[in-house]
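Structure first, then comments.
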């Protein structure tokens, strides 16, 4: 019983991480119907950006987590946003009216490029890099369940940021412009919405969330490698599809489901953690085949 | 309409200067070839003029890339004044060739010779060759724009059968010659410190000439001709490929590389059925090759094989193909309900499941990360395929038998592809690719046809995988990861979707370039990712586009305006 509860808690923490990434996928897909394959790499780059920020700090600041940690978040987020904006401007925008395969293949190219750029240019990126210990240490103990404080922070950040995002999109003027562009870009343009700006902003939001996720990933698992982007990107994409691509609420709930599947399958299914991937992909295939609109998507949205 | 405005806009600035600029560029190119290029001897010896492409011994006292520069200069002069169709495109292509050769050699000399002094003036010696060449190239490119880029004309000329055969024969022989030259320029691997530069500048020359030929409409005409006589073309092409071991490239190293390229080319052709013809994006395709390889490895009688049965290679290959085909049908079955990029994700998920399962040795057939080593070489008629071969007086290097086997494999897949493409099934696939709903309305059973595409594609990949297993002697899940799928997809796209020579050219480029550019080994994948982005941006239809109009990646306008011209419009409109 206590194992089950512990794994449920782990699943929720992993789900929060995946949710932060999945929001980026779902927003971009909602607006320009592009599977932004490179979004997982934005998350990875952000993690390295946070690490680089820490490395560049003067020694006395490194010792005070209260200063170092926020700076790492800023560093990671800035790197993620810069990469995402450049990517949107130079890789995706020229292809906005191209047939659908073209941007998808471009996204693959961007993904390979980013991963390789980090591998080649970041010092020692070929091996696992330890993440600095500036995060709160110790565990939150609730009866038989132990959750690291980083995990708690991750859940709080993830839920908080997604509520914030949801509110922004539903209430603000720009949020309305985003929804309008997602529904009908041409009409939105006639109503005075600048689609370029909306799309860039969407990429920026996704990148900010991925930036937070990247730094928190390092804090939670205490080391990072260049493969993390692809793996977690696929998980996040699965979550977005599961929840219904384009839906914020769906992405978050989908992410929690994926997190739970990952930990529970790792614990209870034959083969253990070596096969947790496989179960997630099986879920992905089943969802796409039997309910391609996802749990919360409208059926007509699938125009593939 | 606006397309025409943009070209005429460019024309108004440079039009009167077009021909004179081209003439100046050509003359300057010739001058550049005769100027010295290096101010001093480099540490690794003289800058190598020599490359393998030599008809005469140092005509006009120039060799190697300078000889190429000289040729390009003469071509530009001819193109400037001879009455040829779409002069602008021809001149532009030749100019690019000139610029690329000059730039690459200049950059290499600068970096190896320690600064700009190496290509300008130092220690009382002047060497402005590369700068003159670069200027000539840029002038010529500008001249091309000045003359104006009319759409490539369609040659109506239909030769009689013997002449057509002769043209095809000569063209394919030229291709063979170019391939041999391309493989051997700069030597093998790292033996020559300048191998990368020599190879790249040869590529610049070949690209420039090819671009000029395609600009004048010859390439298009040739592809129409070869499709009309496709049986003859395939036979001649296969014969040319079989002659490769008798050229300079006939050593063990290049036979091995060429055999590997062939395996991937055959796989790429299979993928081309799925992606190019049926328009179904498959991101996990290399898994079928992996399945074929695993099956063949387990039936090979290797010590690590798990079935304990040893089957002769042809039988094992057939089983491998059948098993891979069955998996193809299974993976393809979601296409009944899933379309477009969602399908891409499903195939990606299947591919990842395969990799994961093989890595963890599911069912005990892949040996996980230990792989299956020690697979014996293919042995037919008492001859092991990894030995050298003696034909009368000619001694052929080891690996040549594999090479021949693989050439036959590629020829067979090409024949399958070509026949399918022009059959009822192929037309159904193309209809599905263009508009699935319309195809269904026309009475095509889209579900069946799509699964069939997956099945056939996977069968070909399984066959290639079986050869791969025996050729390399080891099968590990590492060879069948996501990146391999992306590389194959890139080969298909780079060459041109739905086009047969395209897939072979794409696979060759993607697998030869890394062999040639050992200097850049660390940057290989990065360049690859960048290349994917750039191709999609600037030439989504690929190097050798399929003649048919395609809705998936690049549609040629009704008036025959290629898509890259259409794309330029918004840029101009904003300015």
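Chains as they are written, first to last, in the working numbering: chain X, 16 to 319; chain S, 7 to 581.
Ideal Cβ positions, reconstructed from N, Cα and C, are used throughout, including at glycine.
Inset, instruction - Return yes when the Cβ of residue 505(S) is within less than 8 Å of the Cβ of residue 290(S), no when it is not. - result: By one-based count along the second chain, residue 290(S) stands at place 284. By one-based count along the second chain, residue 505(S) stands at place 499. No, Cβ-Cβ distance for residue 290(S) and residue 505(S) is not below 8 Å.
Inset, instruction - Would you give the residue range spanned by the beta strand (DSSP E) that residue 336(S) belongs to? - result: For the purposes of this step, residue 336(S) is taken as the residue at position 330 of the second chain. Taken as a continuous stretch (DSSP letters only), residue 336(S) belongs to no beta strand (DSSP E), being part of the alpha helix (DSSP H) at 319–338.
Inset, instruction - Using the DSSP secondary-structure output, state which residues sit across from residue 157(X) in a beta bridge. - result: As a first step, residue 157(X) is located in the first chain; it is residue number 142 there, counting from the start. Within the DSSP secondary-structure output, residue 157(X) pairs in a beta bridge with 160(X).
Inset, instruction - Output yes if chain X places a C-beta closer than 8 Å to the C-beta of residue 347(S); else output no. - result: As a first step, residue 347(S) is located in the second chain; it is residue number 341 there, counting from the start. So yes, residue 347(S) belongs to the interface.
Legend entry - Three-state secondary structure (DSSP) of residue 145(X): For the purposes of this step, residue 145(X) is taken as residue 130 along the first chain, with counting starting at 1. Looking at residue 145(X) - three-state DSSP - the assignment turns out to be strand.
Inset, instruction - List the whole-angstrom C-beta distance separating residue 35(X) from residue 155(X), where the pair is believed to meet the contact cut-off of C-beta under 8 Å. - result: Taking the first residue of the first chain as position 1, residue 35(X) is located at position 20. Taking the first residue of the first chain as position 1, residue 155(X) is located at position 140. With a contact defined as Cβ atoms closer than 8 Å, residue 35(X) and residue 155(X) miss out at about 20 Å.
Inset, instruction - State buried or exposed for residue 232(S), treating a residue as buried only when at least 16 other CB atoms are found within 10 Å of its CB. - result: For the purposes of this step, residue 232(S) is identified with residue 226 of the second chain, where counting begins at 1. Looking at its Cβ environment, which holds 16 or more other Cβ atoms inside 10 Å, residue 232(S) is buried.
Legend entry - Minimum C-alpha distance to residue 468(S) - residue among 514(S), 408(S) and 324(S): Here residue 468(S) refers to the residue found at position 462 of the second chain. The shortest Cα separation from residue 468(S) among 514(S), 408(S) and 324(S) belongs to 324(S).
Legend entry - Residues of its chain near residue 64(S), where Cβ-Cβ distance is below 6 Å and the 5 sequence neighbours each way are ignored: Position 58 of the second chain holds residue 64(S). For residue 64(S), the pLDDT reaches just 41, beneath the cut-off of 50, and the residue's location in the model is therefore unreliable, although a value from the coordinates is still provided. Taken in chain order, the list of residues that qualify is empty.
Inset, instruction - Compare the C-beta of residue 103(X) with all C-beta atoms of chain S and state if any pair is closer than 8 Å. - result: Position 88 of the first chain holds residue 103(X). Chain S contact via Cβ: absent.
Legend entry - Whole-Å CB distance - residue 461(S) paired with residue 282(S), under 8 Å assumed: As a working note, residue 461(S) is residue 455 in the second chain. As a working note, residue 282(S) is residue 276 in the second chain. Beta-carbon to beta-carbon, residue 461(S) and residue 282(S) are separated by about 16 Å, too far to satisfy the 8 Å threshold.
Inset, instruction - Compare the C-beta of residue 194(X) against all C-beta atoms of chain S and say whether one is closer than 8 Å. - result: Here residue 194(X) refers to the residue found at position 179 of the first chain. For residue 194(X), the answer is no, since every Cβ of chain S falls outside 8 Å of its Cβ.
Inset, instruction - Could you confirm whether any beta carbon from chain S is found closer than 8 Å to the beta carbon of residue 217(X)? - result: Translated into the one-based positions of the first chain, residue 217(X) becomes position 202. For residue 217(X), the answer is no, since every Cβ of chain S falls outside 8 Å of its Cβ.
Legend entry - residue 83(S) beta carbon less than 8 Å from that of residue 139(S): Position 133 of the second chain holds residue 139(S). Position 77 of the second chain holds residue 83(S). No, Cβ-Cβ distance for residue 139(S) and residue 83(S) is not below 8 Å.
Inset, instruction - With 8 Å as the threshold, decide whether the Cβ of residue 446(S) is near any Cβ in chain X. - result: If you number the second chain from 1, residue 446(S) lands on position 440. Taking CB atoms only, residue 446(S) has no neighbour in chain X less than 8 Å away.
Legend entry - Same chain, Cβ closer than 7 Å to residue 177(S), five either side skipped, listed in chain order: Residue 177(S) sits at position 171 when you count from the first residue of the second chain. Annotation for residue 177(S): 228 place their beta carbon closer than 7 Å to its own, counting only its chain and skipping 5 residues before and after.
Inset, instruction - Report back the beta-carbon spacing between residue 169(X) and residue 28(X) to the nearest angstrom; my notes put them in contact at under 8 Å. - result: By one-based count along the first chain, residue 169(X) stands at place 154. By one-based count along the first chain, residue 28(X) stands at place 13. Residue 169(X) to residue 28(X), Cβ: 6 Å. Contact.
Legend entry - Residue nearest to residue 134(S) in terms of C-alpha spacing, selected from 42(S), 530(S) and 202(S): Counted from its first residue, the second chain places residue 134(S) at position 128. The shortest C-alpha separation from residue 134(S) is found at 42(S).
Legend entry - For residue 69(X) and residue 254(X), the rounded distance between their alpha carbons: Counting from 1 along the first chain, the entry for residue 254(X) is found at position 239. Counting from 1 along the first chain, the entry for residue 69(X) is found at position 54. Rounded to whole angstroms, residue 254(X) to residue 69(X) spans 31 Å at the Cα level.
Legend entry - Stretch-stretch touch, CB-based, cutoff 8 Å, three pairs: the stretch 255–269 of chain X with the stretch 75–93 of chain X: no
Legend entry - Exposure of residue 207(X), with buried meaning 16 or more beta-carbon neighbours within 10 Å: Within the first chain, numbered from 1, the residue matching residue 207(X) stands at position 192. Flag for residue 207(X) reads exposed.
Legend entry - Status (buried if at least 16 other CB within 10 Å, exposed otherwise) for residue 517(S): For the purposes of this step, residue 517(S) is taken as residue 511 along the second chain, with counting starting at 1. Buried, because 16 or more other Cβ atoms sit within 10 Å of the Cβ of residue 517(S).
Inset, instruction - For residue 289(X), return the contacting residues in chain S, with the cut-off set at a CB-CB distance below 9 Å. - result: For this step, residue 289(X) is matched to residue 274 along the first chain. Under the 9 Å cutoff, chain S gives 362, 365 and 366.
Legend entry - Nonlocal neighbours in the same chain, by C-beta distance under 8 Å from residue 246(S), ignoring five residues either side: For this step, residue 246(S) is matched to residue 240 along the second chain. Excluding positions up to five away in sequence, the list reads 178, 179, 181 and 182.
Inset, instruction - Using alpha carbons as the reference points, say which of 65(X), 136(X) and 283(X) lies closest to residue 6(S). - result: There is no way to answer for residue 6(S), as the model of chain S reaches only from 7 to 581.
Legend entry - Helix, strand or coil at residue 260(X) according to DSSP, with G and I counted as helix: Reading the first chain from its first residue, position 245 is the one you call residue 260(X). Coil, per DSSP.
Inset, instruction - For chain S, find out if any of its Cβ atoms is closer than 8 Å to the Cβ of residue 268(X); answer yes or no. - result: Looking up residue 268(X) in the first chain gives position 253. For residue 268(X), not one C-beta of chain S is nearer than 8 Å to its own C-beta.
Legend entry - N- and C-terminal bounds of the alpha helix (DSSP H) containing residue 88(S): Within the second chain, numbered from 1, the residue matching residue 88(S) stands at position 82. Counting along the chain, residue 88(S) falls outside any alpha helix (DSSP H), and DSSP gives it neither H nor E.
Inset, instruction - Quick one: grab the DSSP three-state call for residue 240(X). - result: Here the question's residue 240(X) lines up with position 225 in the first chain. Reduced to three states, the DSSP call for residue 240(X) is coil.
Inset, instruction - Report buried or exposed for residue 147(S), applying the criterion of at least 16 other Cβ atoms within 10 angstroms of its Cβ. - result: Residue numbering aside, residue 147(S) sits at position 141 when the second chain is read from its first letter. The C-beta of residue 147(S) has 16 or more other C-beta atoms within 10 Å across all chains shown, which makes the residue buried.
Legend entry - Alpha carbon of residue 296(S) to alpha carbon of residue 379(S), nearest angstrom: Taking the first residue of the second chain as 1, we reach residue 296(S) at position 290. Taking the first residue of the second chain as 1, we reach residue 379(S) at position 373. Approximately 15 Å between the Cα atoms of the pair.
Legend entry - Interface residues of chain X facing residue 430(S) [CB-CB closer than 9 Å]: For the purposes of this step, residue 430(S) is taken as residue 424 along the second chain, with counting starting at 1. Ordered by position in chain X, no residue passes the 9 Å Cβ test against residue 430(S), which lies about 25 Å from the chain.
Inset, instruction - Please confirm whether any heavy atom of the ligand HEM lies closer than 7 Å to the CB of residue 134(S). - result: What this structure holds is no ligand at all, so the ligand HEM is not there to describe.
Inset, instruction - Step through the CB atoms of chain S and report whether any lies within less than 8 Å of the CB of residue 58(X). - result: Working through the first chain from its first residue, we reach residue 58(X) at position 43. Interface residue (Cβ-Cβ distance to chain S less than 8 Å): residue 58(X) is not classified as such.
Legend entry - Nearest-angstrom Cα separation, counted from residue 17(X) out to residue 384(S): Mapped onto the second chain, residue 384(S) falls at position 378. Mapped onto the first chain, residue 17(X) falls at position 2. Inter-residue distance for residue 384(S) and residue 17(X) is about 57 Å (C-alpha atoms, whole angstroms).
Legend entry - Chain-order list of residues whose beta-carbon lies under 8 Å from that of residue 175(S) (same chain, five-residue window excluded): Position 169 of the second chain, counted from the start, is the residue given in the question as residue 175(S). Correct list, in chain order: 242.
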